[in-house]
Every structure is written in structure tokens, then in C-alpha cells.
Amino acid sequence: MNHPASAIAPCWSCKGPVASRALFCSVCGAVQGPGIVDHYTRLGLPRSFDIDQDALERQYLGLQRRVHPDRFASKSPREKALSQAQATALNDAHDTLKDPLRRAAYLLGLLGSPVDLTACGTINDRALLMEQMEMREALAEAGTRERVAQLAMEAESAMIACQCGISAAFNANDLDQAGHLAIRLKYLSRLAEEARAKKTRITRTP
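Right under this line is the structure:
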């Protein structure tokens, strides 16, 4: 369970009170380890699928500058390790929230409706199964760079529409639909990646 940002823990250095999200102790100034908070809280962003990408980058870069390990090169081994742990936690939060698919899955988990994007089993949704079979068949049969590029563009357009659907589902608190669309986005993302890779291979063929 995620602790609230207002949870207090003792500073490892002076034992003073430190909030879970704090990077440094307000009493002695010592760098702290990453608290047990969710990615949104860590980056000071509202918990939503709809992310302001500029705000995400500003928050991330501002926090990263403060705890970058290079700033602690002359500090004790413990402070070096804590700054590295903070930097790692910020990287993980940033990378998760920046990617629409990972963000959807993460938010579903926070809201108590987890979806497993790592599962490699069969697709249970018949409509999604048929869509993927047709798109993959078309990609397999595509023999020209132009046709592959068209399929890649179609997959990427479908991904954008899917992300809009995920946003609407979250806003309507329809977590089942958000989870369904997250699964579809996973397969569309994979197809788009394979199409881009095939286009590159055709381009390089003498």
C-alpha cells in the first residue's frame, strides 16, 4: 500500500521528522532515501491518466538536478547511495508516467484494477483477436516499403485513438474499459514497432 505524501519518518542522520516525498531533511539538510510513495506523488503531479508532459519534464528535471549523484561525489558512501536511490526512483517514476501504456497499467494498479501487460497468453477478446490477426496478416503480406509504412501509420493512428479511449474511460471511472483498451494498446504498440522494423529492413535491402 502506498503511504501518503504527508507520512513522516525519522531522518537517518539527525532523527528529525521527514515527509515521505522529501528529498532532504528540513532540519539537518541530509539527503534522504526515496520514500514509499506512488509515482504521481513523487513527481508532484495529480493522479490522472491525462498528463501534462511539459509539467512532467519540469518536475522530473528539477528534482533530478537536486539529487544527481555527481552532486554528492565528495559526500559519505551512505549519502552517495541515497542520492543514487533517489535518482533511480525518479527515473522509474518519470519513465512510467511518460509512456501511455505503462501509465495506464500503473494507474489501474493504483485504483485497484490491475492489468497484466506482461502476459503472453492467448487473447480472450474475440474482436481484439480478429483485429490483431488481420493486421498481422496484412503486415506479413506487405512487400513494399510504402505498404509497410501505411500499415505502421494505421497502427499508430489506432494507438492515438486508443489512448483517447483510455482517457475517456478513466474520466468516466470505467476501469474495466480502461483495462480492455490498455491491452489493445499493448498489441497495437507491438504491431507498430514490428512495422517500423520491417520498413527499416526493406529500406536497407539492396
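For the sequence shown, the numbering used here assigns the number 884 to the initial residue and increments by one for each residue that follows. Beta carbons: idealized from backbone N, C-alpha and C, even for Gly.
Local conformation of residue i per DSSP, three classes
{"i": "V920", "result": "coil"}
{"i": "I934", "result": "coil"}
{"i": "D1008", "result": "coil"}
{"i": "P952", "result": "helix"}
{"i": "H886", "result": "Model confidence at H886 stands at a pLDDT of 45, short of 50, so the residue's coordinates are unreliable and nothing is read from them."}
{"i": "P983", "result": "helix"}
{"i": "D975", "result": "helix"}
{"i": "P929", "result": "coil"}
{"i": "A1025", "result": "coil"}
{"i": "S959", "result": "coil"}
{"i": "G995", "result": "coil"}
{"i": "L1064", "result": "helix"}
{"i": "N1054", "result": "helix"}
Residue i to residue j span [Cα, whole Å]
{"i": "I919", "j": "A905", "result": "11 Å"}
{"i": "L1068", "j": "S896", "result": "46 Å"}
{"i": "S909", "j": "R1030", "result": "60 Å"}
{"i": "D1008", "j": "Q1015", "result": "11 Å"}
{"i": "A970", "j": "L926", "result": "12 Å"}
{"i": "R954", "j": "R930", "result": "30 Å"}
{"i": "Q967", "j": "E1024", "result": "48 Å"}
{"i": "D1059", "j": "A1032", "result": "33 Å"}
{"i": "N1054", "j": "K958", "result": "46 Å"}
{"i": "V901", "j": "H977", "result": "23 Å"}
{"i": "L994", "j": "D982", "result": "18 Å"}
Whole-angstrom C-beta distance between residue j and residue i, which should lie under 8 Å
{"i": "L1071", "j": "M1042", "result": "5 Å"}
{"i": "E962", "j": "A913", "result": "7 Å"}
{"i": "H922", "j": "L980", "result": "6 Å"}
{"i": "L973", "j": "Q947", "result": "6 Å"}
Bridge partners - residue i, DSSP secondary structure assignment
{"i": "V901", "result": "A892"}
{"i": "F907", "result": "V914"}
Contacts around residue i, its chain only, beta-carbon distance under 6 Å, and the 5 residues preceding and following it disregarded
{"i": "L990", "result": "F932"}
{"i": "E1039", "result": "A1075"}
{"i": "L965", "result": "V914 and G916"}
{"i": "M1018", "result": "L1074"}
7 Å CB neighbourhood of residue i in its chain, flanking five on each side removed
{"i": "R949", "result": "L906"}
{"i": "G1062", "result": "L991, S996 and V998"}
{"i": "A1052", "result": "Q1060, A1061 and L1064"}
{"i": "A1078", "result": "L1022, V1031, L1034, A1035 and A1038"}
{"i": "A956", "result": "none"}
Sequence-distant residues of its chain with Cβ nearer than 8 Å to residue i (five each side left out)
{"i": "A1065", "result": "L984, A987, A988, L991, V998, L1000 and I1049"}
{"i": "H951", "result": "S966 and A970"}
{"i": "A938", "result": "L928"}
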